[in-house]
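Numbering (our numbering), first residue to last: 60 to 540.
Ideal placement from N, C-alpha and C gives every residue a C-beta, glycine not left out.
Here the structure comes first, spelled out in structure tokens, and everything after it is commentary.
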Amino acid sequence: MAKEENKKMVEDITSMDVDFAQWYTDIVKKAELCDYSSMKGCIILEPAGYAIWEMIQKDLDRRFKDTGVVNCAMPLFIPEGLLQKEKDHVEGFAPEVAWVTQGGLEPLQEKCCVRPTSETLFCDYYAKKIHSYRDLPRLQNQWCSVVRWEKTTRPFLRSREFWWQEGHTAHATAEEAQARTEQMLNIYADFCEQDLAIPVVKGQKTEKEKFAGAIATYTIEALMHDGQALQSGTSHNFGDGFARAFNIQYTDKDNKLQYVHQTSWGMSTRIVGAIIMVHGDNEGLKLPPHIAPTQVVVCPIMMNKAGVLDKANELADRLKAAGIRVKVDDRDKTPGFKFADSEMRGTPVRLEIGPRDIENGEAVLVRRDNHEKVVVKIDGIEKAVADLLEDIQASMLAKAKEHLESHTFSAATIDEMEKILDENTGFVKAMWCGCRECEDAIKEKTGATSRCMPFKQEHIADTCINCGKPATKMVYWGRAY
RNA sequence: CGGAGUGUGGCUCAGCUUGGUAGAGCGCUUGGUUUGGGACCAAGAUGUCGCAGGUUCAAAUCCUGUCACUCCGACCA
Numbered sequence: 060m061a062k063e064e065n066k067k068m069v070e071d072i073t074s075m076d077v078d079f080a081q082w083y084t085d086i087v088k089k090a091e092l093c094d095y096s097s098m099k100g101c102i103i104l105e106p107a108g109y110a111i112w113e114m115i116q117k118d119l120d121r122r123f124k125d126t127g128v129v130n131c132a133m134p135l136f137i138p139e140g141l142l143q144k145e146k147d148h149v150e151g152f153a154p155e156v157a158w159v160t161q162g163g164l165e166p167l168q169e170k171c172c173v174r175p176t177s178e179t180l181f182c183d184y185y186a187k188k189i190h191s192y193r194d195l196p197r198l199q200n201q202w203c204s205v206v207r208w209e210k211t212t213r214p215f216l217r218s219r220e221f222w223w224q225e226g227h228t229a230h231a232t233a234e235e236a237q238a239r240t241e242q243m244l245n246i247y248a249d250f251c252e253q254d255l256a257i258p259v260v261k262g263q264k265t266e267k268e269k270f271a272g273a274i275a276t277y278t279i280e281a282l283m284h285d286g287q288a289l290q291s292g293t294s295h296n297f298g299d300g301f302a303r304a305f306n307i308q309y310t311d312k313d314n315k316l317q318y319v320h321q322t323s324w325g326m327s328t329r330i331v332g333a334i335i336m337v338h339g340d341n342e343g344l345k346l347p348p349h350i351a352p353t354q355v356v357v358c359p360i361m362m363n364k365a366g367v368l369d370k371a372n373e374l375a376d377r378l379k380a381a382g383i384r385v386k387v388d389d390r391d392k393t394p395g396f397k398f399a400d401s402e403m404r405g406t407p408v409r410l411e412i413g414p415r416d417i418e419n420g421e422a423v424l425v426r427r428d429n430h431e432k433v434v435v436k437i438d439g440i441e442k443a444v445a446d447l448l449e450d451i452q453a454s455m456l457a458k459a460k461e462h463l464e465s466h467t468f469s470a471a472t473i474d475e476m477e478k479i480l481d482e483n484t485g486f487v488k489a490m491w492c493g494c495r496e497c498e499d500a501i502k503e504k505t506g507a508t509s510r511c512m513p514f515k516q517e518h519i520a521d522t523c524i525n526c527g528k529p530a531t532k533m534v535y536w537g538r539a540y
């Protein structure tokens, strides 16, 4: 049974068609994912939001470790001198670092910044640890928060402190570093598709958009429901630039001194914003089953009646034993309230169990993504629920893919691109000559920035959309968060 | 950093024009009745009106400053 037509199941959430930004904020607040704090620009990750982040951490961490990466923890502070060792890097980050100038009652001899990212710390450390080709590759990661003094902030999407992981690797050869850069980007892309049900475009950033200090930056770009792009994960190849700045050298098999080749890669709590904006609807959050902290919420009906709550707990225990994350909502609230509440919080499946069902040996399953309701036998309910969760996961990915495809356009001329962006929202694929002037001009004319030069190149035209000179790349353009 | 807007119980807001004992709805607490799409009845608790100055016999209300948040833009992994 589909939901009744036009019936809004959850009140108090601004419709996304009316005001997407307000809708986003409403979801964040009402699903209690995060809250504002007394520290300007810094958010509080509330239990519901942190639980999602923990699921993401668990999954990504396993994927990293499967490739030989190990975890560690680096300092929160970076001395000024260390930050300044790599020229491009410090220039890129200088406008947004926070400085500590006093310790206790005394001014510091050398001020230090709160890490905006930890390349310099890892480099300083790797220089001490790496001596021989036998020490390579070095594959480390840390889960931490970093600080960037942003001027405008939005929950999850941009805050002054945010949580992420940053992986830092050192390799003997340029080829190995390049392979690792691509490998990690692929892990992010797979994770997004398989676990977050978010399809992404994989590609390389332009010179203008690349990371400060990198020779190449790769990105996965996701498309939000409002047609704006969100950079969802990045992987950088540093070549030997940092190694030269920090003097990270090893002796190779031929007893020659060589510089290492490095990479770094990260995904942040920003991805929670992507989950909200890709899957959410006017009823609230919609969590992909693979990373939903609670996959099934059991709603007992007439739970004061003898046996109902017992049966609800029994069912929950059975599902738990089958490896499903389940909670019983035994709060003293009406069923209707609990239904709306779980929808707002995005729980993929609701299980209703009441006297009528118990008598028939049945339970009611309702899926969050399309409100479909099915009655199932309690016998074998574990499989029914597990199958349903996988079906929801697949449907959510299919729906998101459909949205991405239907909001990706091609333009052969700048006029065509302007027209497309006037009438639609989303990505525009267009040819580019490769120069900075054209990239800036396209932004000026259309409001869209280059999101990436996709690995899957297509031939749309022979010439750059802006200057008419021969094109070198097909680029995804779009407005971005 | 520029433009616009908003700060009054946990939340959403009224009150401000024209100064005179702090309001409503929701939520919360307790008891009871309820329960298949946001229940009902009864009794309660909760505020230095963002902050700091000023004007005044008297300020949520008028004036000045300041801080925070939201939206738009600029900037920006």
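Checklist entry - For the 8 Å Cβ check, are there 3 or more pairs between the region 170–185 and the region 203–221? => result With a cut-off of 8 Å, the region 203–221 and the region 170–185 count as touching, because enough Cβ pairs lie within range.
Item to check | Cβ pair F250, S323 closer than 9 Å | outcome: Going by C-beta atoms, F250 is not nearer than 9 Å to S323.
Checklist entry - Start and end of the beta strand (DSSP E) containing V435? => result Unbroken beta strand (DSSP E) run through V435: K432 to K436.
Item to check | Top-ranked residue by Cα proximity to L104, from V331, Q516, F486 and K364 | outcome: The shortest Cα separation from L104 among V331, Q516, F486 and K364 belongs to V331.
Checklist entry - In terms of residues, what are the limits of the alpha helix (DSSP H) holding I417? => result That run of the alpha helix (DSSP H) goes P414 to N419.
Checklist entry - For the 8 Å Cβ check, are there 3 or more pairs between the region 388–403 and the region 442–449? => result When C-beta atoms of the region 388–403 are compared with those of the region 442–449, fewer than three pairs fall below 8 Å, so the two segments do not count as touching.
Next on the checklist: Whole angstroms are fine: how far does the CA of V337 sit from the CA of I519?
Outcome noted: In a straight line, the C-alpha of I519 is about 28 Å away from that of V337.
Next on the checklist: Below 8 Å, is the gap between the Cβ of E155 and the nearest heavy atom of the ligand COA?
Outcome noted: In the structure shown, the ligand COA is absent, as is every other ligand, since no ligand is present at all.
Item to check | Straight-line Cα distance separating Q317 from T310 | outcome: Each residue's alpha carbon lies about 6 Å from the other.
Next on the checklist: Here's a check: name, in chain order, each residue in its chain whose Cβ is nearer than 8 Å to the Cβ of Q143, leaving out the five neighbours to either side.
Outcome noted: Correct list, in chain order: V149.
Checklist entry - N372 lies in the alpha helix (DSSP H); which residues open and close that run? => result From DSSP, the alpha helix (DSSP H) with N372 extends over V367 to A380.
Item to check | Classification of W158 by the beta-carbon crowding that lies within 10 angstroms, buried from 16 upward | outcome: It is exposed - the Cβ of W158 has fewer than 16 other Cβ atoms within 10 Å.
Checklist entry - Mapping DSSP to helix, strand and coil, what is V534? => result In this structure, V534 counts as strand in the three-state DSSP scheme.
Item to check | Straight-line gap, H190 to T531 (C-alpha atoms, nearest Å) | outcome: C-alpha separation (whole angstroms): 41 Å.
Checklist entry - Per DSSP, what kind of secondary structure is A539 in: helix, strand or coil? => result The three-state reading of DSSP puts A539 in strand, counting E and B together.
Next on the checklist: Would you call the region 464–475 in contact with the region 484–497, where contact means no fewer than 3 C-beta pairs closer than 8 Å?
Outcome noted: With the cut-off at 8 Å, the region 464–475 and the region 484–497 touch.
Item to check | Inter-residue spacing [alpha-carbon to alpha-carbon] between P347 and Q287 | outcome: Distance between the alpha carbons of P347 and Q287: 21 Å.
Next on the checklist: So, at 6 Å on beta carbons, what are the nonlocal neighbours of E63 in its own chain, with the 5 sequence-adjacent residues on each side left out?
Outcome noted: With a pLDDT of only 30 at E63, under the threshold of 50, the placement of this residue in the model should not be trusted; the figure read from the coordinates follows. Here E63 has no same chain residue with a Cβ atom under 6 Å from its own Cβ, once five neighbours each way along the sequence are excluded.
Item to check | Assigned exposure category for A231 - 16 Cβ within 10 Å defines buried | outcome: Residue environment for A231: buried (at least 16 other C-beta atoms within 10 angstroms of its C-beta).
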